[in-house]
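Report on one structure; see the data block that follows.
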């Protein structure tokens, strides 16, 4: 703990102040990570391909290999196939001792795991790139340091909350006849039980770490169930965690991997076990809703589909706005849960520093900005990455059925991986009455420029569609403080985080650990924010003892 | 706010330190509350009897009068009969402006309500006495200052948590090429919606205030649905709240009363409304379970039945132990959710400062201690109070069917109220195999002395019965630190708060605001503690906005 105390204290302070903070540098540069880090990481990744992933654990159901890179190659890594009974039994056995490990020791273990993951960031970057389809730099950042920072943020939140409400006290009640009635009291933050973290295909580490690390610090064991398409990043994580636990003389089964054949449906099985008291899930609305309705014995946090919204009213920086939006639409081919989908513009057009722009002109200019961004093959690879899954490809390729295509998707060749599935963003024009189309999520590089009567209608539609279908992000462009205030009002009612007039190097789809909340829990897209007090507080109970002192 | 700042700051500090703290003196003495407070309060209460309770509010479904004092008289106070549609509509209307009232202003309103309630403590004491059957002094304390302190504790928890996670920040990310990327961010704690607080018959204010005041500070409106047998204490509370809101220029419908005819089933109706996003309930396991299963749109907190347990292993203070236990069993005729029910003693007896006592002797001595305590007519009224409800009377009167009666209940005359339903505690001997009897709650003055093989079996049965049927309290007597440690271990596993070797003026059924948690949420007796972080964190979302600075 002594070694990790400065990291932890700084993180706790950062969570409170919510300014810029990072413990893990986001730049994949040699000056930060060392001369050898990149080639060593790449070699480590390549050595895993086609090989068995060494991971001991309970159960004996053979091995599974389920991953194919969106860039082409089959990974061929094999993992132990999850045996639900054995996993639950092992996790429950590990719970008794983990609950009795002090919060300080649990936090130290968590930070040590994160530090080691950080040193493996290059290996992780390749693993994330070739499971999610993210570009290498994005995979490095989002899958490595940014995910590690989010994990540390969860450690800090949990550690801070436990420290604030648990511990010891001396209660001394003055008595009328002099002397005091004195009690010594102890409050223990008691983990609720076995946690189940169900990872997604697109952000296997970033979306799982807050839950995994909050679970650890609050005294819960965790079974990590990766998406069959993105096992390796979480297998690496679990292996590192088990190493740290073992070296600390603790039960490695505090963290377990549940890799499965897609037909095993092990997530649904595990989620209903009475021992499983916490479930975290990122993925489809259908399965998220099912978990909420059925895993009644557990504290369930889900992140599901949504209709991220941009309201364009006016701007004093037309080109920077277009560039910012183009980047947001293109980044990882719109496959972020934070990517904008619905852009509302008033029928009368928008006032800009380049004069009034009608909806048609805005749509065309936005399309041109996107085409310009992704037209350069060098940038294409870094911005778009590859498309994950046939569902996204099918949706993009059928986009013309949705409305008038302003920008048609293309399938350019990837400069490095000839078999990569690459698509440039599609932009479709819709009128406000086509809520049947834009009122639901079209996951992937598909967005809509929707003509509203005026900005009032745009804000009303933001409020209504997000209240109904949820959203992780919303964004507004206006030169009017009055419009911005009304947008904030609408966002507050809809319960969505709002970015205003982003034109510089901050994008609506990016949230910064220790500062930005991700999601709110106030609309159907997610039940909680990462990492707000509810997300952490649901993971432990306070159990007290007292005696005369 | 300025006026209430010292009260609030001290309360926030107290919640962290968890030592002795109180803002509202518990002594009903003239030196504290003034010469006239007692007669003025009594007169105010008497003026309400047989009269219409003046409370404006939405709806027009006539009036209801449902209260009869456990001490005899029908109260005859009439209240507006709840109109669920009108209440939900009014509460939802009030929500928009209340959400936009600042946390500081909301906290100030909450503290002002509590301060005014404190000044009405004598009137409240009579109202609580004649609805719950508590003795006057207990009704004054538990219904007045102790409830107010619990309310203030909830205000402090909520205010502290909002202050810690919401507010504003400046985010400045250093850029490689110099200069910083600077964002101004704002985080708003957004109330989840309409809250429903369902009161109980025995502690209408104490069990409702944490939810009501946590709701207020976190930006939720609240409909207070009292038990038909204990309306007046909550009607007084709601009336005071509405006065404060109105005087502050705010919508009084932020707090509404839902008095009902018992056949109206308005609680079940309200709990399922989509606008109702928070439900708090104290009462039967059946209805609590129903709420948890059905009010899926809401954050539901329940407190239900349990089997509070005492493990007697050994003691160095036999008589003080007996006196302490006798008091705990007798207080309010065992009608506290914290009253002990199951006392486990080893078959070989217990070592004491008066030599070894076998189970029979312990049971007889405990019976004698209880008989001695309640045998004095002067103390009888102050300790026992009156029995609330025919269900309790029926259970007590049939106690001989449960096992061998060590102490038979009696029905002494109340010195002041000839029609009061008074019962002294019954104690029944059972063997450990009669889990069919002691494994469920027998609400009222009924307890069991249960012979276990040894203390190990006692602890095993504590662990098992509480895991299965829940408990709000547990208690252990032992001179062995090893046994105490094992008892703490068992209590931690069962998720129950443990009192150890209580012999002086602290009783297992009493919990101190700002210091003791009440319940844990870790066993079936309750989903949360009052007032732990989960209890508060479930009541708001964090919604963020950000822009370039």
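Residue numbers (full-length UniProt numbering), protein chains in the order written: chain V, 1 to 549; chain F, 1 to 549. Backbone N, C-alpha and C define an ideal beta-carbon position, used for all residues, glycine too. Treat the numbers as computed from the prediction; the structure is a model and nothing was measured.
Just how far apart, CA to CA, sit residue i and residue j?
| i | j | result |
| --- | --- | --- |
| residue 26 of chain F | residue 81 of chain F | 34 Å |
| residue 499 of chain V | residue 279 of chain V | 30 Å |
| residue 85 of chain V | residue 289 of chain F | 28 Å |
| residue 401 of chain F | residue 450 of chain F | 16 Å |
| residue 510 of chain F | residue 501 of chain V | 55 Å |
| residue 167 of chain V | residue 241 of chain F | 35 Å |
| residue 55 of chain V | residue 342 of chain F | 48 Å |
| residue 5 of chain V | residue 540 of chain F | 31 Å |
| residue 365 of chain F | residue 523 of chain V | 60 Å |
| residue 153 of chain V | residue 200 of chain V | 20 Å |
| residue 302 of chain V | residue 535 of chain V | 10 Å |
| residue 347 of chain F | residue 514 of chain F | 39 Å |
| residue 428 of chain V | residue 362 of chain V | 12 Å |
| residue 369 of chain F | residue 179 of chain V | 26 Å |
| residue 445 of chain F | residue 517 of chain V | 50 Å |
| residue 9 of chain F | residue 110 of chain F | 14 Å |
| residue 44 of chain V | residue 98 of chain V | 31 Å |
| residue 75 of chain F | residue 46 of chain F | 9 Å |
Check for me: the beta strand (DSSP E) holding residue i runs from which residue to which?
| i | result |
| --- | --- |
| residue 546 of chain F | 540 to 548 |
| residue 477 of chain V | 473 to 477 |
| residue 342 of chain V | 342 to 346 |
| residue 221 of chain F | 221 to 225 |
| residue 299 of chain V | 299 to 303 |
| residue 500 of chain F | 498 to 500 |
At what residues does the alpha helix (DSSP H) containing residue i begin and finish?
| i | result |
| --- | --- |
| residue 469 of chain F | 455 to 469 |
| residue 195 of chain V | Counting along the chain, residue 195 of chain V falls outside any alpha helix (DSSP H), though it belongs to the beta strand (DSSP E) covering 194 to 198. |
| residue 131 of chain V | 121 to 132 |
| residue 491 of chain F | 481 to 494 |
| residue 231 of chain F | Premise fails: residue 231 of chain F is in no alpha helix (DSSP H) and is neither H nor E. |
| residue 452 of chain F | Careful: residue 452 of chain F lies outside any alpha helix (DSSP H), inside the beta strand (DSSP E) at 446 to 452. |
| residue 382 of chain V | 377 to 384 |
| residue 209 of chain F | 209 to 217 |
| residue 438 of chain V | 435 to 438 |
| residue 391 of chain F | 390 to 397 |
### Task
Anything in the stretch 515 to 527 of chain V with a Cβ closer than 7 Å to a Cβ of chain F? List those residues in chain order, please.
515, 516, 517, 520, 521, 522
### Query
Relative to chain V, which residues along the stretch 161 to 185 of chain F have a C-beta separation below 7 Å, given in chain order?
Hits within the stretch, in order: 161, 164, 165, 169, 170, 171, 172, 173, 181, 183, 185.
### Message
Counting beta carbon pairs with one atom in the stretch 270 to 282 of chain F and one in the stretch 115 to 127 of chain F, are three or more of them shorter than 8 Å?
### Response
No: fewer than three Cβ pairs fall under 8 Å.
### Task
Note down, one range per segment and in chain order, each beta strand (DSSP E) of at least 3 residues found wholly within the stretch 157 to 187 of chain V.
Counting whole runs of 3 or more residues, the stretch 157 to 187 of chain V contains the beta strand (DSSP E) stretches 167 to 174.
### Task
Return the chain-ordered ranges of every alpha helix (DSSP H) run that is complete within the stretch 78 to 117 of chain F and spans a minimum of 4 residues.
84 to 99
### Task
Indicate whether the contact test is met: 3 or more Cβ pairs, each with one atom in the stretch 407 to 416 of chain V and one in the stretch 461 to 468 of chain V, closer than 8 Å.
no
### Query
Does the count of Cβ pairs from the stretch 201 to 210 of chain F and the stretch 167 to 180 of chain F closer than 8 Å reach three?
no
### Query
Mind pulling the beta strand (DSSP E) runs of 3 or more residues that sit fully within the stretch 405 to 431 of chain V?
426 to 431
### Task
Taking only beta carbons into account, state which residues of the stretch 315 to 329 of chain F come closer than 7 Å to chain V, listed in chain order.
none
### Query
Hey, which unbroken runs of the alpha helix (DSSP H) at 4 residues or more fall wholly within the stretch 7 to 43 of chain F?
30 to 33
### 3-residue-minimum beta strand (DSSP E) runs that sit fully inside the stretch 243 to 288 of chain F, ordered along the chain
255 to 257, 276 to 282
### Task
Name, going along the chain, the residues of the stretch 536 to 548 of chain F whose beta-carbon falls closer than 7 Å to a beta-carbon of chain V.
Listed in sequence order: 537, 538, 541, 542, 543, 544, 545, 546, 547, 548.
### Message
Extract the residue ranges of the beta strand (DSSP E) inside the stretch 306 to 350 of chain V, only unbroken runs of 3 or more that lie entirely within it.
### Response
Within the stretch 306 to 350 of chain V, the complete beta strand (DSSP E) runs of at least 3 residues are 309 to 312, 342 to 346.
### Query
Mind listing which residues of the stretch 400 to 430 of chain F have their C-beta closer than 7 Å to chain V's C-betas, in chain order?
none
### Task
Say whether the stretch 347 to 359 of chain F touches the stretch 298 to 318 of chain F, bearing in mind that this needs 3 or more beta-carbon pairs closer than 8 Å, one atom from each stretch.
yes
### Query
Going along the chain, which residues of the stretch 494 to 511 of chain F sit with their C-beta nearer than 8 Å to a C-beta in chain V?
495, 496, 497, 498, 499, 500, 501, 502, 503, 504, 505, 506
### Message
Does the structure place the stretch 50 to 68 of chain F close enough to the stretch 249 to 259 of chain F that three or more beta carbon pairs sit under 8 Å?
### Response
yes
#### Entry: Every unbroken beta strand (DSSP E) inside the stretch 506 to 543 of chain F [3 residues or more]
none
### Given 8 Å, three or more beta-carbon pairs between the stretch 92 to 108 of chain F and the stretch 128 to 148 of chain F
no
### Message
So if I threshold CB-CB distances at 7 Å, which residues from the stretch 12 to 23 of chain F count as touching chain V?
### Response
16, 17, 18, 19, 20
#### Entry: Short-range partners of chain F found in the stretch 79 to 104 of chain V, where Cβ spacing is below 9 Å
Within the stretch 79 to 104 of chain V, the qualifying residues are 96, 99, 100.
### Task
Assess, as a yes-or-no matter, whether the stretch 4 to 20 of chain F is touched by the stretch 121 to 135 of chain F under the definition of 3 or more beta carbon pairs within less than 8 Å.
Judged by Cβ distances under 8 Å, the stretch 121 to 135 of chain F makes no contact with the stretch 4 to 20 of chain F, as fewer than three pairs qualify.
### Task
Note down, in chain order, all residues in the stretch 468 to 492 of chain V with a beta-carbon under 7 Å from any beta-carbon belonging to chain F.
Per Cβ criterion, the list reads 488, 491, 492.
### Query
Quick one: any contact between the stretch 424 to 444 of chain F and the stretch 489 to 498 of chain F, if contact means 3 or more CB pairs under 8 Å?
Output reads no: the stretch 489 to 498 of chain F does not touch the stretch 424 to 444 of chain F.
### Query
For the stretch 156 to 163 of chain V against the stretch 60 to 67 of chain V, are there 3 or more C-beta pairs whose distance is under 8 Å?
The stretch 156 to 163 of chain V makes no contact with the stretch 60 to 67 of chain V: fewer than 3 CB pairs, one atom from each, lie closer than 8 Å.
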